[in-house]
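Asker: Below are the structure tokens for one structure; questions will follow.
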Amino acid sequence: MLSSKYDWQIKANHAKPKQIEDLASQLGTSQLIAQLLINRGYDNSDKIRHFLSPDTSDLYDPFLLHDMDKAVERIQMAVSEGEKITIYGDYDADGLTSTSIMYETLQEIGANVNYYIPNRFDDGYGPNIDAYRKIISDGTTLIVTVDNGVSGFDAIEEANKLGCDVVITDHHELPKKLPNAYAIVHADLSPDYPFKYLSGAGIAFKVATALNDEIPQEKIDLAAIGTVADLVSMTGENRAIVQFGLNVIHLTERPGLKSLIKHAKLKLPKISEEDIGFKIAPSLNALGRMGDASSGVELLTTNDEVQADKLAKITEKKNEQRKELVAQIAVEAEQQAETPENLKRKILIIAGKAWQTGVLGIVASRISDKYHKPTVVLGIDETTGVAKGSGRSIAGFDLFKALDRSRDQMVAFGGHEMAVGLTISLDKIKEVSNNIEQVATEEKLDINHKPILIIDYEVNADDINDHLYEDLSVLSPFGVDNPKPEFAIKPNNLSSISAIGADKSHLKFEILGYHSKIGAIDFGVGSELREIQKLSNNLKVAGTLGKNEFRGRTNLQIMVDDLKVDGCVVIDQRTNKLVQQMFKQPGEYVFFNEKLKNKLTGYLNDESTAILANQIDSKNPHKKIIIVDCPKNIDDFKTLINKIDAHEIVLYLYKPQQLRSFGMPKREQYAKLFKFVNVHQNVKLNQHLKEMCKDLKIDQTSLVFMIKVFDELGFVTIQDGIMNKVDNPNKHPLSSASTYKQREQEIELENQLISLNQNALINLIQEMQNKQ
């Protein structure tokens, strides 16, 4: 049966009803939004004002940052003396936007400036000694790093020896030993700076502000892109930067950004943080993953529209190549993950020949998510005899610490708890793999323990509407520490479930309420199509609310994060024919008819039992109940359902003949039969029944039933199969006959159980269970 990917946990509500009501009234918003704000720590009007409507006061004084005054002084001196300045950037989206901000700023103040974007494959991340030597030999006397530098002790020592100063602007984790740079602009070194979570682009933007002595509004679009791309905290100053950036991106004069947005098939006036995170940033990141990323800075800074469009096309093409490469490697990596040996392992080290190392972090993330195991993916270079790649962990396991024990067996290694990069000799892979598996055993890593999904709010499908979407939009931009609200949605049913995508790996469906339906998309679960169709009445949906635009129409859409079976699963397998194969599945088979039970018990395997409905113990929970046949009336069925405590109920509800198609005989039919028995004596039913049906124009099933009613009420006698009238019988209403009542009950039962469509039947049983 379908299993949820996550352990759903409803976020504790710390807000009191009166507090929620008052805050909602003050804000003019819904109580749901007020509750979300309070639960996220925004519990007074001042905090909320800055959160919902940041202003320039939320952009702090850049000179509060460590060494900012020294950095500005040194840069200004280099400008005034005509020194050659090189901006040393990084190859990801944060690094490219950081470089672009600093490059434009220095150009505008008259600097002799160029930039250097290290090559992921040749230079690696951060300051590279050989790259520094080349830069300095070309005449550079001041290097300004952006989005890197604090880990470059050796390269900066070399720069100092060669008479070149280095100003570091960075936001990454500080090493134990800081480099001897001329200045280090870093929030973590700044006790007086109120916000510690700026991106590389954010730090570069602060330097630009200090150099200009005012906020460089024309660069806040780049700062916003870098901030969103680098997945830093979307609170405080970052929120202000992104909010301001989103407000002005549609006014941007950057030809490159316009072209990038166009080729990503986005609409400039409607750019959101999601568009940046899922479209713009991956395109910029693809440049560095696939080779030289320097063209990314040219794209973002050029004023030439023709060149901009050319570079945007190249960027988008690189991104498409990156997607294809990731998909290809992921297939091969999954095959390795599912080998018998790897299925037993708690930590995976997967390696492939000539795998492009620039995309292996993405592949490692996919494998880790799918198998819920810390995963390292390596690309083998047979010419050098080494493998290089990336690793991604799962919540609660420090992959950096686990691999750090084997640092001596690796050529290069770095990272943090959740992500690592490493280079290793091929002959050391097995040893390192065994070492980290030992660490996993020692630390009792439980790969079967599901990651936690925090649910902000539980709602019904009918609660999802445009008004809710508009309410939620005031909380944007969303990101780290301000995620999109996660909803647990209880639908009445899921409908129109279909697999989509070139490889049918995704699912699209509709969430139905009593009065509404909302589209939903769930990525990567296409293989579960049939199971989800079978459980469509028994699933809860966890996801976030967004909008989907298709062919000019915009509709609400749930981006599904998880599906979970809700309550007892009811599976409809109603039948009018029983075969031996139906009794192979293990479970407890429940019968209403004792003769049928005795007849079929022999078909059950050792894992199954048979029991009569009236013998079910309401105190005894069951894993699976199979209801084989139909009761005589609906009340007996309700009684059984109310007594069942089971994970799954399978309904055969076997009934060989359905009386509802014949209905109850009409009064004129009874009159015909009464007239017939008055004029015919010694009617041999076995011989004359078919002839009677033809003469009376009554079907055989109905006629047999009517004769039984007449016999029960004393209107006829039947002895040895011969029917005769009774002279002067006592008068009784037809409905007083037990046979008549039983047929009425059977037809009612059929109308309430057999004739219902699957959804209606499952809903009926769930309602019966809820009324227990």
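Basically my numbering = 1-based index in the sequence shown + 86. For each residue, glycine too, the CB sits at the ideal point set by N, CA and C.
Between which two residues does the alpha helix (DSSP H) carrying Ser584 extend?
Answerer: Position 498 of the sequence shown, counted from the first residue, corresponds to residue 584. Here Ser584 belongs to no alpha helix (DSSP H); instead the beta strand (DSSP E) covers Asn579 to Ile586.
Asker: Are the beta-carbon atoms of Leu373 and Thr338 separated by less than 8 Å?
Answerer: Against the sequence shown, residue 373 aligns to sequence position 287. Against the sequence shown, residue 338 aligns to sequence position 252. For Leu373 and Thr338, no; Cβs fall outside 8 Å.
Asker: According to the Cβ coordinates, are Ile657 and Lys620 closer than 8 Å?
Answerer: As a first step, residue 657 is located in the sequence shown; it is residue number 571 there, counting from the start. As a first step, residue 620 is located in the sequence shown; it is residue number 534 there, counting from the start. Yes; because the gap between Cβ atoms is below 8 Å, this pair is in contact.
Asker: CB Ile711 to CB Ala732, shorter than 8 Å?
Answerer: Residue mapping note: residue 711 aligns to position 625 of the sequence shown, counting from 1. Residue mapping note: residue 732 aligns to position 646 of the sequence shown, counting from 1. Yes, the Cβ-Cβ distance between Ile711 and Ala732 is below 8 Å.
Asker: Here's the rule I'm using: 16 or more other beta-carbon atoms within 10 Å means buried, otherwise exposed. How should Ile357 be labelled?
Answerer: As a first step, residue 357 is located in the sequence shown; it is residue number 271 there, counting from the start. Burial call: buried.
Asker: Whole angstroms are fine: how far does the CA of Asp467 sit from the CA of Val497?
Answerer: The residue labelled residue 497 in the question sits at position 411 within the sequence shown. The residue labelled residue 467 in the question sits at position 381 within the sequence shown. Near 14 Å, if we compare the C-alpha coordinates of Asp467 and Val497.
Asker: List the endpoints of the continuous beta strand (DSSP E) containing Ala498.
Answerer: To locate residue 498, count along the sequence shown from 1; it is residue 412. Residues Met496 to Gly501.
Asker: Using 10 angstroms around the beta-carbon of Thr185, count the other beta-carbons present and answer buried if the total reaches 16, otherwise exposed.
Answerer: Within the sequence shown, numbered from 1, the residue matching residue 185 stands at position 99. Its Cβ being crowded by 16 or more others within 10 Å, Thr185 is buried.
Asker: So, for Ala862: in the same chain, excluding its five sequence neighbours on each side, which residues have a beta-carbon less than 7 Å away from its beta-carbon?
Answerer: In the structure as shown, the chain starts at 87 and stops at 858, and residue 862 therefore has no counterpart that could be examined.
Asker: In terms of residues, what are the limits of the beta strand (DSSP E) holding Glu167?
Answerer: The count along the sequence shown starts at 1 and reaches residue 167 at position 81. That residue, Glu167, is in no beta strand (DSSP E); it is neither H nor E in DSSP.
Asker: Alpha carbon to alpha carbon, how far is Glu167 from Gly382? Give it in angstroms, no decimals.
Answerer: Locating residue 382 in the sequence shown gives position 296, where the first residue counts as 1. Locating residue 167 in the sequence shown gives position 81, where the first residue counts as 1. Cα to Cα, the separation comes out at about 29 Å.
Asker: DSSP puts Asn641 in a beta bridge; with which residues?
Answerer: Your numbering for residue 641 matches position 555 in the sequence shown. Asn641 pairs with Asn634.
Asker: At which residue ranges does the segment 760 to 789 contain complete alpha helix (DSSP H) runs of 4 or more residues, listed in the order of the chain?
Answerer: DSSP runs (the alpha helix (DSSP H)) wholly in the segment 760 to 789: 771 to 782.
Asker: Taking 8 Å as the threshold (C-beta atoms), are Asn814 and Asn768 in contact?
Answerer: As a first step, residue 768 is located in the sequence shown; it is residue number 682 there, counting from the start. As a first step, residue 814 is located in the sequence shown; it is residue number 728 there, counting from the start. Their beta carbons are not under 8 Å apart, which means Asn768 does not touch Asn814 by this criterion.
Asker: Which residue marks the beginning of the beta strand (DSSP E) containing Ile808, and which one marks its end?
Answerer: As a working note, residue 808 is residue 722 in the sequence shown. Start and end: Ile808 to Lys811.
Asker: Taking all protein chains shown into account, decide if Ile96 is buried (16 or more other Cβ within 10 angstroms of its Cβ) or exposed.
Answerer: Position 10 of the sequence shown, counted from the first residue, corresponds to residue 96. Burial call: exposed.
Asker: Val293: which of Arg660, Phe573 and Arg160 sits nearest, CA to CA?
Answerer: Numbered from 1 along the sequence shown, position 207 holds the residue referred to as residue 293. Comparing Cα-Cα distances from Val293 to each of Arg660, Phe573 and Arg160, the minimum goes to Arg160.
Asker: Going by alpha carbons, who is nearest to Ile851 out of Ile586, Val736 and Glu556?
Answerer: Counted from its first residue, the sequence shown places residue 851 at position 765. Cα-wise, what sits closest to Ile851 is Val736.
Asker: Indicate whether Arg219 and Asn568 have their beta-carbon atoms separated by less than 8 Å.
Answerer: Against the sequence shown, residue 219 aligns to sequence position 133. Against the sequence shown, residue 568 aligns to sequence position 482. No. Outside cutoff.
Asker: Per the DSSP calculation, Ile357 is bridged to which residue(s)?
Answerer: The count along the sequence shown starts at 1 and reaches residue 357 at position 271. Bridge partners of Ile357: none, in fact.
Asker: So that I know if they touch, is there some Cβ in chain B lying closer than 8 Å to that of Asn623?
Answerer: Of the protein chains in the structure, only one exists, and it is not chain B.
Asker: Assign Ser143 to buried or exposed, taking buried as 16 or more other Cβ atoms, counted over all protein chains shown, within 10 Å of its Cβ.
Answerer: Sequence index remark: in the sequence shown, residue 143 carries index 57 (1-based). Its Cβ having fewer than 16 others within 10 Å, Ser143 is exposed.
Asker: Pairs of beta-carbons, one from the segment 555 to 570 and one from the segment 522 to 539, closer than 8 Å: are there three or more?
Answerer: No, because fewer than three Cβ pairs between the segment 555 to 570 and the segment 522 to 539 fall closer than 8 Å, the two stretches do not touch.
Asker: Among Asp147, Asp490, Asp494 and Ile510, which residue has its Cα nearest to the Cα of Glu503?
Answerer: Here residue 503 is taken as the residue at index 417 of the sequence shown, counted from 1. The candidate whose alpha carbon is nearest that of Glu503 is Asp490.
Asker: Given 8 Å as the limit, is there contact between the segment 178 to 192 and the segment 274 to 289, that is, 3 or more CB pairs closer than that?
Answerer: Touching, yes.
Asker: Run the CB neighbour count on Ile597, radius 10 Å, all protein chains shown included, and call it buried at 16 or more, exposed below.
Answerer: For the purposes of this step, residue 597 is taken as residue 511 along the sequence shown, with counting starting at 1. Classification for Ile597: buried.
Asker: Is it right to say Leu464 is buried, meaning 16 or more other beta carbons lie within 10 angstroms of its own, or is it exposed?
Answerer: Within the sequence shown, residue 464 is the residue found at index 378, counting from 1. Its Cβ being crowded by 16 or more others within 10 Å, Leu464 is buried.
Asker: Is the beta carbon of Leu580 sitting closer than 8 Å to the one on Ser622?
Answerer: On the sequence shown, position 494 is the one that residue 580 refers to. On the sequence shown, position 536 is the one that residue 622 refers to. Yes, these two residues count as a Cβ contact at 8 Å.
Asker: Can you tell me where the alpha helix (DSSP H) holding Ile522 begins and where it ends?
Answerer: Working through the sequence shown from its first residue, we reach residue 522 at position 436. Looking at the DSSP string, the run of the alpha helix (DSSP H) that includes Ile522 is Ile515 to Glu528.
Asker: Assuming contact is defined by CB atoms lying nearer than 8 Å, are Ser70 and Arg753 in contact in what I supplied?
Answerer: Here the chain comprises residues numbered 87 to 858, so residue 70 is not present and cannot be evaluated.
Asker: If Leu88 sits next to Leu649, beta carbons under 8 Å apart, how far is it from one beta carbon to the other, in whole angstroms?
Answerer: On the sequence shown, position 2 is the one that residue 88 refers to. On the sequence shown, position 563 is the one that residue 649 refers to. That pair is a contact at about 7 Å.
Asker: With which residues is Lys594 paired in a DSSP beta bridge?
Answerer: Residue mapping note: residue 594 aligns to position 508 of the sequence shown, counting from 1. According to DSSP, Lys594 bridges with Ser584 and Ile607.
Asker: Confirm, please, whether the CB-CB distance from Ile644 to Ile697 is below 8 Å.
Answerer: Within the sequence shown, residue 697 is the residue found at index 611, counting from 1. Within the sequence shown, residue 644 is the residue found at index 558, counting from 1. In this structure, Ile644 does not lie closer than 8 Å to Ile697 by Cβ.
Asker: I believe Ile306 touches Ile327 by the beta-carbon criterion, under 8 Å. Please report the beta-carbon distance rounded to the nearest angstrom.
Answerer: Here residue 306 is taken as the residue at index 220 of the sequence shown, counted from 1. Here residue 327 is taken as the residue at index 241 of the sequence shown, counted from 1. Correct: roughly 6 Å between the Cβ atoms.
Asker: Distance, Cα to Cα, Pro280 vs Tyr146?
Answerer: As a first step, residue 280 must be located in the sequence shown, where it is residue number 194. As a first step, residue 146 must be located in the sequence shown, where it is residue number 60. Approximately 8 Å, taken between the alpha carbons.
Asker: Please classify Glu674 as buried or exposed, where buried requires at least 16 other C-beta atoms within 10 Å of its C-beta.
Answerer: Taking the first residue of the sequence shown as position 1, residue 674 is located at position 588. Under this definition Glu674 is a buried residue.
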